Ligand SMILES: Nc1ncnc2c1ncn2[C@@H]1O[C@H](COP(=O)(O)OP(=O)(O)OP(=O)(O)O)[C@@H](O)[C@H]1O
Ligand SMILES: [Mg+2]
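Chains as they are written, first to last, in full-length UniProt numbering: chain A, 1 to 372; chain B, 1 to 252.
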């Protein structure tokens, strides 16, 4: 657990970057600092590993004051990832990853073996090990940066906008892999971003900061969306927060109805089909919708890629209401496809049923019930 | 004329010397000796100073101050130093001339080495330096493991330009009665023996060229390929295939 206790940072020029920050970043969880540019996120983060010293207040990690160790020793126990990765250009990828173990005096061979393992974990093939940073794309460099921060297996990680310099597609991949990795590793993470969507996606807990270095609100992503504490937070959290809040809403079980299906690779039966028929593969995983009738596939025609409408998204039973709503809205038949945890078809759900669930959840919320 | 120069350079007597003259080999050695001493001394002064100033960001005005030294007229300084220093030496020693000569050469070589070393350290990407400290390196570790290796390309270019300048300027040793390849130039001029004079110039140029080649070779094996971007075929060749493969994986 990282504790900020009345931490204030005033720069020599008088700028108050962080003003009386008090909060806890719980062990094994991701705490996200989010807020507009210049609100003191980076300053707050860098005070944890003493890249910046606070003007007043204390920061403790597991009840130990960070000032109880010399800065360089403290930093070797804290993973640190920055926006442009900051890889050492003169070192190969593998030696970049092994930086901290080298500093700790770990045997070179052993340190490199561990580094190779980490590269694989962050999704880089083994032959990248002997390349130099200049031979990597931005996204790949960022992966190496994450691997480097993890190399000495620090319990705490500090990440300052690690994914903001890559394009949206790569960013999403990096975020997903990061969450997966965190699931396995359970680090205590402080993550800085100015992107509220990223904060909501990654955070177990979100600290919204306002310019001047005040903590405006500290809460779970769901609470933040449902109950912004003031006009500033509401404005910052954004317009479609009602829809995004559904991403955290787990309603009652989705009332599915069985859906007739045809198999991918077979042919349309001689008698024809309904206008929209769901296509599944051999393992019952939905593949897309098939259109029959005058403007669709005639009887006897193959059910192949060319015939398939793949536009619809899938909702998972037990997943969020947002996914369920989206499955309905994106389905050409108007029926949302619901799968079980293994991706096998469970049935379909109607838009009305989903909106009923949403409405009943909202009623519960108004009468005082909170969701998880 | 070119023929005369070639004839002069082809004469074994000019290379090995006679009982009346010192040969090219011997003068080459002297020339090289002065140059090596001057460059090494300049390196010993300029490198640590440049690293320290770049690393700490203190005393940066020293850089511009020393650069002003470059503007001093070399021969003038030499004569002045000889006038000051030579009277302190008596008897059959040429130290009174060697020391001023070396000082002039060192003064010439320090600024490019110093300012390039400083610039090299300054030019290290702030994100890289930040990461180095953030990983838990101490100040000296950041200097040796990150700033120095990343400054090497600039340090080498400073060293090479200092070396060229010193080898070319070491000819002035002959101006104050000492040896070196400058001997042929000054003697040739005095005796109106132009083939000898031109040959002297040609030899200086050749020496400078060879020295530069040697340093280029050292540079090649000292500077990380990550900085020179001369990546080995194996990683690049493999990289293309791997990138394709990876692109396929990444965008599914
Ligand atoms: N070294 C410094 N000296 C003076 N003021 C500084 C210094 N570093 C930061 N500041 C100021 O402190 C405030 C907070 O800066 P900080 O870098 O923590 O913001 P941030 O929330 O990380 O912003 P961004 O999203 O743009 O990265 C800003 O007003 C900034 O101008
Ligand atoms: Mg910042």
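Ideal placement from N, C-alpha and C gives every residue a C-beta, glycine not left out.
Just so we're clear, the structure is a prediction, and the values are computed from it rather than from any experiment.
#1: If I follow the unbroken beta strand (DSSP E) through residue 219(A), where does it start and stop?
#2: Using a Cβ-Cβ cut-off of less than 7 Å, give me the residues of the segment 48-71 of chain A that come near chain B, in sequence order.
#3: Rounded to the nearest angstrom, what separates residue 101(B) and residue 227(B) at their Cα positions?
#4: Taking residue 62(A) as the reference, which of 79(A), 354(A), 185(A) and 4(A) has the closest Cα?
#5: Could you compute how far the alpha carbon of residue 97(A) sits from the alpha carbon of residue 147(A)?
#6: Could you compute how far the alpha carbon of residue 153(B) sits from the alpha carbon of residue 117(B)?
#7: Give the C-beta separation of residue 218(A) and residue 23(A) to the nearest angstrom, bearing in mind that I take them to be a contact with Cβ-Cβ under 8 Å.
#8: Buried or exposed for residue 105(B), going by 16 or more other Cβ atoms inside 10 Å?
#9: I'd like to know whether the C-beta atoms of residue 158(B) and residue 54(B) end up nearer to each other than 8 Å.
#10: Per DSSP, what are the beta-bridge partners of residue 286(A) in this structure?
#11: What residues from chain A crowd round residue 138(B), counting only those whose CB sits closer than 8 Å?
#12: Using only the heavy atoms of ligand 2, determine whether one of them is closer than 7 Å to the beta carbon of residue 305(A).
#13: Quick one: does residue 7(B) have its CB under 8 Å from some CB of chain A?
#14: Give the straight-line distance between the Cα atoms of residue 21(A) and residue 285(A), rounded to the nearest whole angstrom.
#15: For residue 291(A), which beta-bridge partners are listed by DSSP?
#16: Cβ closer than 9 Å: which chain A residues qualify as neighbours of residue 231(B)?
#17: Under a Cβ-count criterion, where at least 16 other Cβ atoms within 10 Å of its own Cβ denotes burial, should residue 2(B) be classed as buried or exposed?
#18: Using 10 angstroms around the beta-carbon of residue 160(A), count the other beta-carbons present and answer buried if the total reaches 16, otherwise exposed.
#19: Quick one: measure Cβ to Cβ for residue 30(A) and residue 202(A), integer angstroms, because I've assumed they're closer than 8 Å.
#20: Given that residue 225(B) touches chain A, what residues does it touch there, using C-beta distances under 7 Å?
#21: Would you report the Cα separation of residue 257(B) and residue 244(A), rounded to the nearest angstrom?
#22: DSSP three-state call for residue 314(A): helix, strand or coil?
#23: Would you say residue 24(A) touches ligand 2, meaning its beta carbon is less than 7 Å from a heavy atom?
#24: In whole angstroms, what is the alpha-carbon distance linking residue 135(A) and residue 69(B)?
#25: Indicate the three-state DSSP secondary structure (helix, strand or coil) for residue 107(B) in the structure shown.
#26: By a C-beta neighbour count over all protein chains shown, 10 Å radius and 16 as the cutoff for buried, is residue 63(B) buried or exposed?
#27: When you compare only the Cα positions, how much space is there between residue 109(A) and residue 100(A)?
#28: Does the beta-carbon of residue 193(A), which I'm using as the reference point, lie nearer than 7 Å to any heavy atom of ligand 2?
#29: Bridge partners of residue 24(A), per DSSP?
#30: For residue 149(B) and residue 224(B), which I take to be in contact (beta-carbon distance under 8 Å), what is that distance rounded to the nearest angstrom?
#31: Under a three-way DSSP split, which group does residue 9(A) fall into?
#32: Secondary structure at residue 16(A), three-state DSSP: helix, strand or coil?
#33: Return the residues of the segment 83-116 of chain A that lie within a Cβ-Cβ distance of less than 8 Å from chain B, sorted by chain order.
#34: Taking C-beta pairs closer than 7 Å, name the residues in chain B that residue 10(A) reaches, listed in chain order.
#35: Would you kindly report the start and end of the unbroken beta strand (DSSP E) that includes residue 240(A)?
#36: Leaving aside the five residues before and after residue 196(A) along the sequence, list all residues of the same chain whose C-beta is less than 8 Å from its C-beta, in chain order.
On the basis of the supplied data:
#1: Within the first chain, the letter at position 219 stands for residue 219(A). Counting along the chain, the beta strand (DSSP E) containing residue 219(A) begins and ends at 214-219.
#2: 49 and 51
#3: Walking along the second chain from the start, residue 101(B) turns up at place 101. Walking along the second chain from the start, residue 227(B) turns up at place 227. One C-alpha to the other measures close to 37 Å.
#4: Residue numbering aside, residue 62(A) sits at position 62 when the first chain is read from its first letter. Answer by Cα proximity: 4(A).
#5: Here residue 97(A) refers to the residue found at position 97 of the first chain. Here residue 147(A) refers to the residue found at position 147 of the first chain. Their backbone Cα atoms lie some 6 Å apart in a straight line.
#6: Locating residue 153(B) in the second chain gives position 153, where the first residue counts as 1. Locating residue 117(B) in the second chain gives position 117, where the first residue counts as 1. One C-alpha to the other measures close to 9 Å.
#7: As a position in the first chain, residue 218(A) is number 218, starting the count at 1. As a position in the first chain, residue 23(A) is number 23, starting the count at 1. Indeed, because the Cβ distance is near 6 Å, the residues count as touching under 8 Å.
#8: The sequence position of residue 105(B) within the second chain is 105, counting from 1. Label assigned to residue 105(B): buried.
#9: Your numbering for residue 158(B) matches position 158 in the second chain. Your numbering for residue 54(B) matches position 54 in the second chain. No.
#10: Taking the first chain and counting its residues from 1, the one referred to as residue 286(A) is at position 286. Per DSSP, 280(A).
#11: Against the second chain, residue 138(B) aligns to sequence position 138. Per Cβ cutoff of 8 Å: 72.
#12: Along the first chain, one-based indexing puts residue 305(A) at 305. Not under cutoff, so the answer is no.
#13: For the purposes of this step, residue 7(B) is identified with residue 7 of the second chain, where counting begins at 1. No - not a single Cβ of chain A is within 8 Å of the one on residue 7(B).
#14: Along the first chain, read from residue 1 onward, the residue named residue 21(A) stands at position 21. Along the first chain, read from residue 1 onward, the residue named residue 285(A) stands at position 285. Straight-line Cα distance between these residues: approximately 49 Å.
#15: Here the question's residue 291(A) lines up with position 291 in the first chain. In the DSSP output, where bridge partners are listed per residue, residue 291(A) has 276(A).
#16: The residue given as residue 231(B) occupies position 231 in the second chain. Here the neighbours are 131, 132, 134 and 135.
#17: In the second chain, residue 2(B) corresponds to position 2, counting from 1. Per the 10 Å Cβ criterion, exposed.
#18: Here residue 160(A) is taken as the residue at index 160 of the first chain, counted from 1. It counts as buried.
#19: Here residue 30(A) refers to the residue found at position 30 of the first chain. Here residue 202(A) refers to the residue found at position 202 of the first chain. Their Cβ separation, rounded to whole angstroms, is 6 Å, which keeps residue 30(A) and residue 202(A) in contact under 8 Å.
#20: The residue labelled residue 225(B) in the question sits at position 225 within the second chain. 132, listed in chain order.
#21: Look at the range of chain B in this structure, 1 to 252, and you will see that residue 257(B) is not part of it.
#22: Taking the first chain and counting its residues from 1, the one referred to as residue 314(A) is at position 314. Strand.
#23: As a working note, residue 24(A) is residue 24 in the first chain. Checking every heavy atom of ligand 2 against the Cβ of residue 24(A), none is found closer than 7 Å.
#24: Position 135 of the first chain, counted from the start, is the residue given in the question as residue 135(A). Position 69 of the second chain, counted from the start, is the residue given in the question as residue 69(B). Distance between the alpha carbons of residue 135(A) and residue 69(B): 41 Å.
#25: Along the second chain, one-based indexing puts residue 107(B) at 107. In the structure shown, residue 107(B) sits in a helix (DSSP, three-state: H, G or I).
#26: Position 63 of the second chain holds residue 63(B). Flag for residue 63(B) reads buried.
#27: Position 109 of the first chain holds residue 109(A). Position 100 of the first chain holds residue 100(A). Distance between the alpha carbons of residue 109(A) and residue 100(A) is about 14 Å.
#28: As a first step, residue 193(A) must be located in the first chain, where it is residue number 193. Answer for residue 193(A): no, Cβ out of range of ligand 2.
#29: Along the first chain, read from residue 1 onward, the residue named residue 24(A) stands at position 24. DSSP output for residue 24(A) lists 3(A) as bridge partner(s).
#30: Residue mapping note: residue 149(B) aligns to position 149 of the second chain, counting from 1. Residue mapping note: residue 224(B) aligns to position 224 of the second chain, counting from 1. About 6 Å; that satisfies the 8 Å criterion.
#31: Here residue 9(A) refers to the residue found at position 9 when the first chain is read from its first residue. The answer is strand: DSSP assigns residue 9(A) an E or B state.
#32: In the first chain, the residue the question calls residue 16(A) occupies position 16. In this structure, residue 16(A) counts as strand in the three-state DSSP scheme.
#33: 83, 84, 85, 86, 87, 88, 89, 90, 91, 92, 99, 100 and 103
#34: Looking up residue 10(A) in the first chain gives position 10. Going along chain B, no residue has its Cβ under 7 Å from residue 10(A), so there is no contact; the nearest lies around 21 Å.
#35: Locating residue 240(A) in the first chain gives position 240, counting from the first residue. Note, residue 240(A): premise wrong, no beta strand (DSSP E); not H, not E.
#36: If you number the first chain from 1, residue 196(A) lands on position 196. Result list for residue 196(A): 34, 236, 237 and 238, in chain order.
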